[in-house]
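In what follows, a single structure is set out as structure tokens and then discussed.
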Amino acid sequence: MHTEISSVPGDRERPNEDWASVAVPASGQGGVAVVLDGVTPLEGDVGCVHPVPWFTARLGGALTELSASRPDMTLTAILSEAIRRTADAHRGTCDLSHVRTPQATVVVARWDGEAVEYLVLSDSVLLLEGWDGSVRAVVDDRLALLPPGSLASNAIADATVRNREGGFFTAAADPSVAARAVTGRTPRSEVRALAALTDGATRWTEVFGAGDWAACFEVLRKEGPRGLIARVRELERTQPPGRGKRHDDATAVYVEL
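Note that the numbering used here has the sequence shown beginning at -13, numbered continuously upward.
Here's what the structure looks like:
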């Protein structure tokens, strides 16, 4: 197995709210990749005394530990338990019912000698490359399917679609949200490599249209995660100001099985 990870903050004056890990079990028969994209909180009181990196580190750590050590548990059950553990860690000090309590998008991939399992929640992306060079994107497309105007403002999104039926879901404090994730399983023999990307890295395809998912994967293979993120930053610098967040935290994990 070969793996590369790169994670670059959108603003070097602010902490990176993404989180990533790769683990190889002692048996040597498989591995785990986890990528989280923490949701930047609004200014003002969000009911929690902890910053988003505190949350993503604890949720990501729990996901990695459980995914690598509990092959008997499904990834859905693992995400549910990881959310519960993280919520318990600050339930006594924070209002976990607040709509902006710390939360994150999630990608988990786990493989052994037989299969590759995966879970995707919200707008981070998992790419699976076959031995024939084909690339399949595993996405949770709820954000793309929202009614027009749902994201016109943070207040509208929070009141109508964030972690609500008919809207979109992130990993926050409710373990039951794990059942909303996109999950699947494919034979290990059909996967040559995989990549997990936060939306700061998927901008190369989804925002700038510089290439499709197969082209994105080819950049990862030839230039690594650092190269892909550097390409995103170069494109971002060419855009006129005033079009939302110019740079976002960007994280990419690339794994050759």
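Note that the Cβ used here is the ideal one computed from N, Cα and C, for glycine as well. Bear in mind that the values here come from a model prediction, so they are computed numbers and not experimental data.
Asked                                                                                                                   : Found
Beta-carbon proximity check, residue 9 vs residue 54, cutoff 8 Å                                                        : yes
Cβ pair residue 236, residue 95 closer than 8 Å                                                                         : no
Pair within 8 Å by beta-carbon distance, residue 184 and residue 31                                                     : no
Beta-carbon spacing of residue 105, residue 167 below 8 Å                                                               : yes
Length of the line joining the Cα atoms of residue 81 and residue 129                                                   : 26 Å
Strand pairing of residue -12, partner residues [DSSP]                                                                  : 242
Whether residue 218 touches residue 180 by CB criterion (8 Å)                                                           : no
3-residue-minimum beta strand (DSSP E) runs that sit fully inside the stretch 102 to 166, ordered along the chain       : 111 to 115, 121 to 124
Inter-stretch contact at 8 Å, needing at least 3 Cβ pairs: the stretch 107 to 122 / the stretch 191 to 205              : yes
Element boundaries [alpha helix (DSSP H), containing residue 46]                                                        : 38 to 55
Start-to-end residues for the beta strand (DSSP E) that takes in residue 183                                            : 179 to 183
Nearest-angstrom Cα separation, counted from residue 18 out to residue 65                                               : 13 Å
Close-in-space but distant-in-sequence residues of the same chain around residue 221 (CB under 6 Å, 5 per side omitted) : 194
Proximity of residue 248 and residue 69 at Cβ, strictly below 8 Å                                                       : Only positions -13 to 243 of the chain appear in the structure, and residue 248 is not among them; the question remains open.
Residue 1 versus residue 39: straight-line alpha-carbon distance, rounded                                               : 7 Å
Which of helix, strand or coil DSSP assigns to residue 78                                                               : coil
Residue 78 to residue 42 span [Cα, whole Å]                                                                             : 18 Å
Nearest to residue 120 (by Cα), restricted to the options 139, 153, 178, 13                                             : 178
Burial state of residue 234, where buried means 16 or more other Cβ atoms lie within 10 Å                               : buried
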